[in-house]
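The sequence shown maps to residues 17 to 427 in our numbering.
Backbone N, C-alpha and C define an ideal beta-carbon position, used for all residues, glycine too.
Model, not experiment: these values are computed from the prediction.
A quick write-up on the structure given underneath.
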Amino acid sequence: MPLKSYEHCCSTIQALASLGKIEGVIPLLHGPQPCLYQNQVGSMSCRPAQLLTAGTLINKSDVVFGGEESLKQQVKNIYQKYKPKMVAIINTCVPQLIAEDIDGVIVELEEEIPELTVVTCKSGFNYPRSMPLGSDTAWAALVGGFKEKQKVPGSVGIIGRTGQDAGNMASIDIPIKQAGIKTFLFPAPHIDEMEKIVCADSIYSIHLTNMLTSKKIKEKFGTETHFIEIPVGLEGTSNFLRGVADREKNQKLHDIVDEEEKRVRPEFDKIKATFVGKGYRMLLVTGPGNEVSIGKIMAELGMEVFVVPCMKNQLYKQEKKIMEDRYGVTFIEKDFDLLEDLIEEIKPTFVSCEFQGQVETVRTFVPTIINMMYLCDYGYDFAIDLGTNFLATIKQPVYEKWQGFVSKYGG
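Below is the structure:
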């Protein structure tokens, strides 16, 4: 994948952060101490304090002779003490490189503890340059441990992205429910709720970062997953909901969308008037998938948008075409050396990037937002809230005053 990565973070940390949000699951990091320490500390701010994570400590002897026995014993210890419904082994780089037989360990554990489900999440070495894939491989692992359930006729499943979406899909869930359609959400705060996704008659993906999960659901349960577009902004949200209404033959959902558009359109247009014609240019660089969704909102509000994507899967290609055709968004897929060089070339008014990318934006004094802070981006109201508060949040008056000083005294 010839994309410059400004995440500086492997997929393992995202797998841990996502699995660490789900009650009933204990993620078990299987790796050496430095890896475990960095991933535990790095994901602490993303995980509820009351939920547990665990780990093994692969040492030099394990690298030579294998750490399967210590892994097996640790899973037993976890089950004996906490009785989780599922243990998800996050298989980090070192055990992958020495080809440990994790699947064999799981088979043995299933024989010894049949009431416990153990799955393996193969992040790290497999996906070194796209952090959001840690979430996807984690969800696919959970699906691999789900059991067949009877499907609910006419029901709809909604698949989101990272653990941040557990409990964050109400803006999409509510109108579909109001239309009389039974919904199942994935992810959800508890593993029992997540497992109900197998009951869905049809499934809709609402982001780019769940292709592995969708494929696993189709392979194991035969359920097709549809992708319309990411439901963000006014037009994107309406198009998604109308797409569901058409596929499910539900006129009431169309009527609900009509009412929602009447509610939000005047406010949205008022906000848009503050952006259009101002020459705002926004550069969004490789985040947790939201460089596309936040970029879509800002483009609809009237900015000229440039996106460095974090992945190039089929869903991304579909969303890219929508954003190019509808808003004229520019996608940067060529590699580059420094973010600072890209800023010099594009001359954006604003930049959205990861924490680690901010060290290069500081020197340029370009107002910067951290994309990890903007993950709850679905639906009409988020777009209105983002548009209403964006310039205040970005401290645009401070930047303009700085520009004035430079122009007056900088020579």
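Neighbourhood of residue i by C-beta, 6 Å cutoff - its chain only, sequence neighbours within 5 removed
i: residue 343; result: 315
i: residue 241; result: 219, 221, 230
i: residue 356; result: 376
Minimum C-alpha distance to residue i - residue among the options
i: residue 361; options: 275, 139, 380, 375; result: 380
i: residue 92; options: 106, 126, 28; result: 126
i: residue 210; options: 390, 35, 310; result: 35
i: residue 301; options: 42, 215, 327, 407; result: 327
i: residue 349; options: 329, 363, 364; result: 329
i: residue 272; options: 283, 285, 256; result: 256
i: residue 323; options: 388, 346, 240, 178; result: 346
i: residue 340; options: 321, 355, 351, 317; result: 321
i: residue 163; options: 182, 238, 47; result: 238
i: residue 319; options: 203, 407, 179, 180; result: 407
i: residue 179; options: 234, 254, 43, 258; result: 43
i: residue 317; options: 94, 402, 97; result: 402
i: residue 246; options: 266, 378, 131, 312; result: 312
i: residue 139; options: 153, 131, 130; result: 153
i: residue 252; options: 338, 97, 100; result: 338
i: residue 157; options: 47, 41, 351; result: 41
i: residue 182; options: 37, 355, 378; result: 37
i: residue 244; options: 286, 95, 334; result: 334
Presumed contact (8 Å Cβ cut-off) between residue i and residue j, rounded CB distance
i: residue 298; j: residue 368; result: 7 Å
i: residue 395; j: residue 188; result: 6 Å
Close beta carbons around residue i, own chain, < 7 Å, minus the five adjacent residues each side
i: residue 410; result: 366, 383, 385
i: residue 200; result: 171, 173, 212, 213, 215, 216
i: residue 283; result: 400
Residues near residue i by beta carbon distance below 8 Å, same chain, minus five either side
i: residue 433; result: The displayed coordinates of the chain run from 17 to 427. Any statement about residue 433 would go beyond what the structure contains.
i: residue 39; result: 67, 205, 206, 207
i: residue 84; result: 116, 117, 118, 120, 121
i: residue 160; result: 135, 232, 236
i: residue 184; result: 176, 391, 392, 394
i: residue 147; result: 23, 25, 26, 27, 29, 30, 304, 326
i: residue 250; result: 277, 280, 281, 284, 316, 396, 399
i: residue 267; result: 261
i: residue 95; result: 103, 129, 132
Rounded C-alpha distance that separates residue i from residue j
i: residue 79; j: residue 393; result: Confidence in residue 79 is poor, its pLDDT being 46 and thus under 50, which makes the residue's placement too unreliable to answer from.
i: residue 28; j: residue 371; result: 18 Å
i: residue 149; j: residue 288; result: 33 Å
i: residue 336; j: residue 295; result: 22 Å
i: residue 425; j: residue 176; result: 50 Å
i: residue 11; j: residue 228; result: No answer is possible for residue 11: it lies beyond the span of the chain, which begins at 17 and ends at 427.
i: residue 269; j: residue 197; result: 9 Å
i: residue 376; j: residue 292; result: 28 Å
i: residue 373; j: residue 358; result: 12 Å
i: residue 214; j: residue 166; result: 8 Å
i: residue 353; j: residue 155; result: 33 Å
i: residue 305; j: residue 281; result: 26 Å
i: residue 387; j: residue 264; result: 34 Å
i: residue 248; j: residue 398; result: 8 Å
i: residue 389; j: residue 128; result: 43 Å
i: residue 169; j: residue 405; result: 42 Å
i: residue 202; j: residue 87; result: 29 Å
i: residue 261; j: residue 364; result: 38 Å
i: residue 234; j: residue 226; result: 12 Å
i: residue 97; j: residue 47; result: 21 Å
i: residue 275; j: residue 258; result: 13 Å
Exercise. Check whether the segment 185-195 touches the segment 115-135, counting contact only when three or more Cβ pairs, one atom from each stretch, lie closer than 8 Å.
Key: No: the two stretches stay apart, fewer than three of their Cβ pairs being nearer than 8 Å.
Exercise. Inspect the CB distances between the segment 103-110 and the segment 127-136 and report whether three or more fall short of 8 Å.
Key: These segments touch.
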